[in-house]
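The numbering of the sequence shown is the numbering used here, which starts it at 473 and goes up by one.
Notes follow the structure.
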Amino acid sequence: MDVEEFRVRGKEMVDYICAYLATLHSKRVTPNVEPGYLKELIPAEAPQEPEEWDNIMDDVDSKIMPGVTHWQHPRFHAYFPSGNSFPSILGDMLSDAIGCIGFSWAASPACTELETIVMDWLGKAIGLPADFITHNRHSTGGGVIQSSASECVLVTMLAARNQAIKYLKQNNSYLDDSSFLPKLVAYCSKEAHSCVEKAALILLVRLKILDADDNGSLRGDTLKKAIEEDEAMGLTPFFVSTTLGSTSCCSFDNLQELGPICKSQPCVWLHVDGAYAGNAFICPELKPLMAGIEYADSFNTNPNKWLLTNFDCSCLWVRCRKKLTSALIVEPLYLQHANSNDAIDYRHWGIPLSRRFRSLKLWFVLRKYGISGLQKYIRNHIRLAKHFESLVLKDRRFEVVNDVKLGLVCFRLLGPESINRTLLAMINASGKLHMIPSMVKSKYIIRFCVVNEYATEPDVEQAWKIIADSATDLLATLDK
Ligand code: PLP
Numbered sequence: 473m474d475v476e477e478f479r480v481r482g483k484e485m486v487d488y489i490c491a492y493l494a495t496l497h498s499k500r501v502t503p504n505v506e507p508g509y510l511k512e513l514i515p516a517e518a519p520q521e522p523e524e525w526d527n528i529m530d531d532v533d534s535k536i537m538p539g540v541t542h543w544q545h546p547r548f549h550a551y552f553p554s555g556n557s558f559p560s561i562l563g564d565m566l567s568d569a570i571g572c573i574g575f576s577w578a579a580s581p582a583c584t585e586l587e588t589i590v591m592d593w594l595g596k597a598i599g600l601p602a603d604f605i606t607h608n609r610h611s612t613g614g615g616v617i618q619s620s621a622s623e624c625v626l627v628t629m630l631a632a633r634n635q636a637i638k639y640l641k642q643n644n645s646y647l648d649d650s651s652f653l654p655k656l657v658a659y660c661s662k663e664a665h666s667c668v669e670k671a672a673l674i675l676l677v678r679l680k681i682l683d684a685d686d687n688g689s690l691r692g693d694t695l696k697k698a699i700e701e702d703e704a705m706g707l708t709p710f711f712v713s714t715t716l717g718s719t720s721c722c723s724f725d726n727l728q729e730l731g732p733i734c735k736s737q738p739c740v741w742l743h744v745d746g747a748y749a750g751n752a753f754i755c756p757e758l759k760p761l762m763a764g765i766e767y768a769d770s771f772n773t774n775p776n777k778w779l780l781t782n783f784d785c786s787c788l789w790v791r792c793r794k795k796l797t798s799a800l801i802v803e804p805l806y807l808q809h810a811n812s813n814d815a816i817d818y819r820h821w822g823i824p825l826s827r828r829f830r831s832l833k834l835w836f837v838l839r840k841y842g843i844s845g846l847q848k849y850i851r852n853h854i855r856l857a858k859h860f861e862s863l864v865l866k867d868r869r870f871e872v873v874n875d876v877k878l879g880l881v882c883f884r885l886l887g888p889e890s891i892n893r894t895l896l897a898m899i900n901a902s903g904k905l906h907m908i909p910s911m912v913k914s915k916y917i918i919r920f921c922v923v924n925e926y927a928t929e930p931d932v933e934q935a936w937k938i939i940a941d942s943a944t945d946l947l948a949t950l951d952k
């Protein structure tokens with residue numbers, strides 16, 4: 473494809489994308505296909521000869537699209553939002569065209585410097601502690617874009633493990649680093665995302681998964697007791713992963729209680745995972761939900777969830793960048809450059825060497841919407857979640873199970889787990905609406921998350937009608 477053909481096909485693709493998004497509402501939310509469906513439709517070998525573009529696009533329509541789950545559909549209410557917006561798509565397009573691999577400052581100075589600036593912009597808008605902002609005077613920390621919240625948790629746990637080993641080595645310098653691993657213990661609550669467990673698996677450290685209170689919040693007393701018990705057994709607490717906005721029910725750990733306990737320990741790193749909810753803290757009225765953030769050593773949030781930015785864009789800030797990079801630095805000659813000592817090299821802040829120019833799309837989003845536009849978007853989702861909650865509460869067959877603070881409502885049909893499983897299966901099989909289940913307060917619940925950028929009250933009301941009508945149908949079959 474030469475530049476002239478790209479000019480034509482590129483414009484056609486923009487038209488295709490506009491038509492796709494404009495007609496989404498008329499499609500099923502989820503595909504009606506069985507595993508292996510595509511294998512029957514696409515040859516087992518790559519084509520030997522070039523193919524016509526029109527034929528490829530015909531296959532997109534006839535073979536690929538029928539197997540797509542439409543995350544941007546107005547009736548998609550599963551998981552958390554998958555950030556998407558036109559400015560972000562355009563930012564990614566430009567990033568793809570530039571095609572740089574910004575692992576060091578020298579590998580593309582603008583790629584590194586824009587990332588630092590945009591991370592400062594967002595960190596300030598969220599209200600993170602001054603130390604987390606790279607360009608603040610005397611700041612020791614800074615922000616970096618990672619691919620996922622899972623990676624943010626993994627690298628912070630790795631940095632914490634490194635610090636803890638250094639601490640333990642002070643009195644045992646002759647021992648190998650790995651000999652300290654059996655002593656280390658990390659903590660999170662049952663409400664924490666499973667990526668914390670995965671990080672501990674990868675890093676070969678013990679993880680204690682603690683009970684949350686009735687509101688899904690990890691409390692100080694629970695952590696204190698666990699730390700005391702572990703210390704009595706000769707273990708060394710080194711990492712506490714807290715959650716603001718848990719995946720199951722959007723609950724919030726109590727940082728004001730947990731923070732001082734972590735700080736009273738010689739080497740405990742306090743991480744705050746706000747993968748979804750963290751974005752909402754750009755709204756002044758929601759900042760109380762992160763009370764205690766001043767105790768944190770690191771914080772992550774995903775604009776690719778709830779800030780209209782396409783995957784991947786997971787933002788991590790640390791209080792002390794040296795503690796992060798010292799766990800990850802390797803310095804082969806071919807990656808060194810003349811400004812290695814003065815400039816940021818983001819390859820030391822994460823696992824991959826290669827990095828896309830991800831800050832472009834976030835920069836486009838922040839500029840095109842402005843903080844006020846993004847606040848309006850977040851507030852609209854919260855208002856709609858509250859509206860959905862009120863619809864559920866009016867129907868005495870149902871109950872709401874979580875404290876609805878942001879865009880997630882957890883609800884269930886009164887009755888046994890089986891009836892809720894059947895209800896959800898019926899609704900999802902219809903293709904009219906998509907939601908997922910979870911366990912909250914030991915009950916099987918259905919999660920309804922507001923995700924569409926342009927979601928309106930009629931959208932939520934239509935979703936509720938599908939749910940209520942399905943419940944009526946289900947209860948009628950049970951009565952027979
Ligand atoms: N943390 C929380 C609170 C989440 O809700 C999720 C995913 O939904 C994750 C971490 C994992 O996110 P990622 O897919 O970016 O690794």
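For glycine and all other residues, C-beta sits at the position ideal for the given N, C-alpha and C.
As the structure is a computational prediction, the values presented were derived from the model and not from experiment.
Inset, instruction - Confirm, please, whether the CB-CB distance from G717 to F724 is below 9 Å. - result: Within the sequence shown, the letter at position 252 stands for residue 724. Within the sequence shown, the letter at position 245 stands for residue 717. A contact, by the Cβ cut-off of 9 Å.
Legend entry - For H859, the first and last residue of its enclosing alpha helix (DSSP H): Within the sequence shown, numbered from 1, the residue matching residue 859 stands at position 387. Residue range 831-866 is occupied by the alpha helix (DSSP H) that includes H859.
Legend entry - Alpha-carbon spacing of V802 relative to S645, whole angstroms: One-based indexing of the sequence shown puts residue 802 at position 330. One-based indexing of the sequence shown puts residue 645 at position 173. Those two C-alpha atoms are separated by around 22 Å.
Inset, instruction - Would you give the residue range spanned by the alpha helix (DSSP H) that N527 belongs to? - result: Along the sequence shown, one-based indexing puts residue 527 at 55. 525-531 is the span of the alpha helix (DSSP H), which, as asked, contains N527.
Legend entry - Separation of P581 from H542, as counted between CA atoms: Against the sequence shown, residue 542 aligns to sequence position 70. Against the sequence shown, residue 581 aligns to sequence position 109. About 37 Å.
Inset, instruction - May I ask you to check if the CB of G822 is nearer than 8 Å to at least one heavy atom of the ligand PLP? - result: Numbered from its first residue, the sequence shown carries residue 822 at position 350. Flag unset: Cβ of G822 not near the ligand PLP.
Inset, instruction - Put F652 into one of helix, strand or coil per three-state DSSP. - result: Locating residue 652 in the sequence shown gives position 180, counting from the first residue. DSSP places F652 in helix when its eight states are reduced to three.
Inset, instruction - Kindly indicate the opening and closing residues of the alpha helix (DSSP H) around Q618. - result: Against the sequence shown, residue 618 aligns to sequence position 146. Unbroken run through Q618 is the beta strand (DSSP E), 614-618; no alpha helix (DSSP H).
Inset, instruction - Tell me whether N776 counts as near the ligand FAD, meaning its Cβ is closer than 8 Å to at least one heavy atom of that ligand. - result: The ligand FAD is not part of the structure shown, which contains the ligand PLP as its ligands.
Legend entry - Euclidean distance between Cα positions of K795 and R633: Residue numbering aside, residue 795 sits at position 323 when the sequence shown is read from its first letter. Residue numbering aside, residue 633 sits at position 161 when the sequence shown is read from its first letter. Answer to the nearest angstrom: the Cα atoms are 10 Å apart.
Legend entry - heavy atom of the ligand PLP below 8 Å from H859 C-beta: Numbered from its first residue, the sequence shown carries residue 859 at position 387. Not so, every heavy atom of the ligand PLP lies at least 8 Å from the Cβ.
Legend entry - Minimum length 4: unbroken alpha helix (DSSP H) runs contained in the region 701-770: 727-735
Legend entry - Spatial distance of D769 from G903 (CA atoms): Locating residue 769 in the sequence shown gives position 297, counting from the first residue. Locating residue 903 in the sequence shown gives position 431, counting from the first residue. Looking at the two C-alpha atoms, the distance is approximately 43 Å.
Legend entry - Close Cβ partners of A752 (< 6 Å) along its chain, the five nearest in sequence each way excluded: Here the question's residue 752 lines up with position 280 in the sequence shown. Cβ within range, chain order: L758, I850, L878.
Legend entry - Where T502 falls, given that 16 or more other Cβ within 10 Å makes a residue buried: Here residue 502 refers to the residue found at position 30 when the sequence shown is read from its first residue. Flag for T502 reads buried.
Legend entry - Proximity below 9 Å, CB of R919 to CB of S720: Here residue 919 is taken as the residue at index 447 of the sequence shown, counted from 1. Here residue 720 is taken as the residue at index 248 of the sequence shown, counted from 1. Yes, they are a contact pair.
Legend entry - Residue closest to K670, alpha-carbon to alpha-carbon, out of A684, T694, V625, I617: Your numbering for residue 670 matches position 198 in the sequence shown. Measuring C-alpha to C-alpha distances from K670 to each of A684, T694, V625, I617 identifies V625 as the nearest.
Inset, instruction - Please go through the same chain and pick out, in chain order, the residues whose beta-carbon is closer than 8 Å to the beta-carbon of L865, but skip the five residues on each side of it. - result: In the sequence shown, counting from the first residue as 1, residue 865 sits at position 393. Counting only Cβ-Cβ distances below 8 Å, and skipping sequence neighbours, we find V872.
Inset, instruction - Flag this pair as yes or no: are the beta carbons of A943 and F870 separated by less than 9 Å? - result: As a first step, residue 943 is located in the sequence shown; it is residue number 471 there, counting from the start. As a first step, residue 870 is located in the sequence shown; it is residue number 398 there, counting from the start. Taking 9 Å as the Cβ cut-off, A943 and F870 qualify as a contacting pair.
Legend entry - Beta-carbon separation (whole angstroms), N782 vs I561, contact threshold 8 Å: Indexing the sequence shown from 1 puts residue 782 at position 310. Indexing the sequence shown from 1 puts residue 561 at position 89. Correct: roughly 6 Å between the Cβ atoms.
Inset, instruction - Work out the CA separation of K913 and G688 for me, nearest whole Å. - result: The residue given as residue 688 occupies position 216 in the sequence shown. The residue given as residue 913 occupies position 441 in the sequence shown. Straight-line Cα distance between these residues: approximately 8 Å.
Inset, instruction - Spell out the partners DSSP gives E871 in its beta bridges. - result: In the sequence shown, residue 871 corresponds to position 399, counting from 1. Looking at the DSSP assignment, E871 forms a beta bridge with R884.
Inset, instruction - Please check the pair H853 and D745, which I expect to be a contact at CB under 8 Å, by giving their CB distance rounded to whole angstroms. - result: Your numbering for residue 853 matches position 381 in the sequence shown. Your numbering for residue 745 matches position 273 in the sequence shown. Actually they are not in contact, since the Cβ atoms of H853 and D745 sit about 20 Å apart, beyond 8 Å.
Inset, instruction - Taking L788 as part of the alpha helix (DSSP H), name the residues at either end of that continuous run. - result: On the sequence shown, residue 788 is found 316 positions in, with the first residue counted as 1. If you look at L788, you'll find it isn't in any alpha helix (DSSP H); it sits in the beta strand (DSSP E) that goes 786-790.
Legend entry - Enclosing beta strand (DSSP E) for P503 [first to last residue]: Here residue 503 refers to the residue found at position 31 when the sequence shown is read from its first residue. Where P503 is concerned, there is no enclosing beta strand (DSSP E), given that its DSSP letter is neither H nor E.
Legend entry - Three-state class that DSSP yields for V475 in the structure shown: In the sequence shown, counting from the first residue as 1, residue 475 sits at position 3. If DSSP states are grouped into helix, strand and coil, V475 belongs with the helices.
Inset, instruction - Specify whether the region 804-815 and the region 839-846 touch according to this definition: at least 3 beta carbon pairs, one from each stretch, less than 8 Å apart. - result: They do not touch, by the three-pair rule.
Legend entry - Assumed close pair L954, C787 - CB separation to whole angstroms, cut-off 8 Å: Since the displayed the chain opens at 473 and closes at 952, residue 954 lies outside it and no answer follows.
Legend entry - Span of the alpha helix (DSSP H), counted from its first residue to its last, around K794: Your numbering for residue 794 matches position 322 in the sequence shown. Looking at the DSSP string, the run of the alpha helix (DSSP H) that includes K794 is 793-797.
Inset, instruction - Assuming W778 and Y748 form a contact by the criterion Cβ under 8 Å, report the distance between their Cβ atoms to the nearest whole angstrom. - result: Here residue 778 is taken as the residue at index 306 of the sequence shown, counted from 1. Here residue 748 is taken as the residue at index 276 of the sequence shown, counted from 1. Indeed they touch by this definition, with Cβ atoms about 6 Å apart.
Inset, instruction - Per DSSP, which residues does C660 bridge with? Please list them. - result: Numbered from its first residue, the sequence shown carries residue 660 at position 188. BP columns for C660 point to I681.
Legend entry - With 16 other Cβ atoms within 10 Å as the buried cut-off, status of W741: The residue you call residue 741 lines up with position 269 of the sequence shown. By the 10 Å Cβ count, W741 comes out buried.
Legend entry - Short Cβ contact (9 Å threshold) for R547 with A857: Taking the first residue of the sequence shown as position 1, residue 547 is located at position 75. Taking the first residue of the sequence shown as position 1, residue 857 is located at position 385. No, these two residues do not count as a Cβ contact at 9 Å.
Legend entry - Cβ distance (whole Å) where S798 is taken to contact T715 below 8 Å: The count along the sequence shown starts at 1 and reaches residue 798 at position 326. The count along the sequence shown starts at 1 and reaches residue 715 at position 243. Contact between S798 and T715 is ruled out by a C-beta separation of about 26 Å, above the 8 Å threshold.
Inset, instruction - For E669, verify whether its CB is less than 8 Å away from any heavy atom of the ligand PLP. - result: One-based indexing of the sequence shown puts residue 669 at position 197. Not under cutoff, so the answer is no.
Inset, instruction - Count the other CB atoms, across all protein chains shown, that sit within 10 Å of the CB of D564; report buried if there are 16 or more and exposed otherwise. - result: As a working note, residue 564 is residue 92 in the sequence shown. Counting Cβ neighbours within 10 Å, D564 comes out buried, since at least 16 surround it.
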